[in-house]
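A short worksheet on the structure shown next.
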Amino acid sequence: MKSLFCCFSQASAQNLAPSHSPTRRCITPPPIRSPTRIRAQASHWEHTHIQLPLTAPWDAEIPPSNVPRLLNGFIPRDMDDKWFIYAEDVDAQGDVLVRFCRSWTGIERLVLKVRVELDDKGGVNEDAGAKVTQMTWDGGEWNPGEDAVKEMAIQACEYILECELIVAK
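Note that the numbering used here has the sequence shown beginning at 1, numbered continuously upward.
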């Protein structure tokens, strides 16, 4: 993602009258909000599940260092954050459903089925990578198509969760 810089005179930055030769400094805008530090749960945001699901297989790798960020999800602070993302608990086969919901409407737009490696206690081995095996999206009124949904998933993971999805070309 490109960094944006705004240049202000030091005088205007301090809300003072500008001088004849103001010094300039660049101020970096605040970063995009960090991924959630606590694990997002379904109860953290009002939402509804997909009504007319369409499903397609998908083969996308998740590096080991990114697995915790994906599974922690994202709790929006306000409507401007646009997404509420949470992962359900892992099942006995190592499958986890990661749900992507719009923050304004609470409408679920995407579900990724992720296969994780289990540890000795049946929990997620966070030192191992994971794989997206399937995606589900709403086939009703909002249906941008499989390729657009994949791109949305890649961008949401990258920009909101700081999680890379590696897709074979």
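Idealized CB from N, CA, C, for every residue including glycine. Quick caveat: nothing in here was measured; it's all calculated off a predicted structure.
At the level of alpha carbons, what is the spacing between residue i and residue j?
i: Met79; j: Leu161; result: 17 angstroms
i: Ile62; j: Glu141; result: 30 angstroms
i: Lys82; j: Arg99; result: 14 angstroms
i: Pro94; j: Lys150; result: It is Gly, not Pro, that sits at residue 94 in the sequence shown. The alpha-carbon atoms of Gly94 and Lys150 are separated by roughly 22 angstroms.
i: Leu164; j: Val116; result: Here the sequence assigns Glu to residue 164, which means Leu is not the residue at that position. Glu164 and Val116: Cα-Cα distance of roughly 15 angstroms.
i: Glu158; j: Ala60; result: 13 angstroms
i: Pro76; j: Leu54; result: 26 angstroms
i: Ser65; j: Val114; result: 15 angstroms
i: Gln134; j: Ser43; result: 24 angstroms
i: Met152; j: Trp45; result: 21 angstroms
i: Asp89; j: Thr48; result: 18 angstroms
Among the residues of its own chain, which have a CB less than 6 angstroms from the CB of residue i, if the five just before and after it don't count?
i: Ile50; result: Glu108 and Asp138
i: Arg39; result: Asn72
i: Val111; result: Leu97, Arg99 and Thr136
So, with DSSP's three-state summary, where would you put residue i?
i: Val67; result: helix
i: Asp89; result: coil
i: Asp80; result: helix
i: Cys163; result: coil
i: Asp95; result: strand
i: Thr105; result: coil
i: Lys150; result: helix
i: Asn143; result: coil
i: Glu158; result: helix
i: Ala168; result: coil
i: Ala60; result: strand
Within 10 Å of its beta-carbon, does residue i have 16 or more other beta-carbons around it, so buried, or fewer, so exposed?
i: Ala148; result: exposed
i: Leu70; result: buried
i: Ala92; result: exposed
i: Ala56; result: exposed
Following a CB-centred definition, is residue i positioned closer than 6 angstroms to any heavy atom of the ligand HEM?
i: Tyr159; result: No copy of the ligand HEM appears in this structure; indeed no ligand is present at all.
Since residue i and residue j are thought to touch, with beta carbons under 8 angstroms apart, how far apart are those beta carbons, to the nearest angstrom?
i: Tyr86; j: Gln41; result: 6 angstroms
i: Trp58; j: Val132; result: 5 angstroms
Near residue i, which residues of its chain fall below 8 angstroms by C-beta distance, leaving aside the five closest residues on each side in sequence?
i: Asp127; result: Pro64
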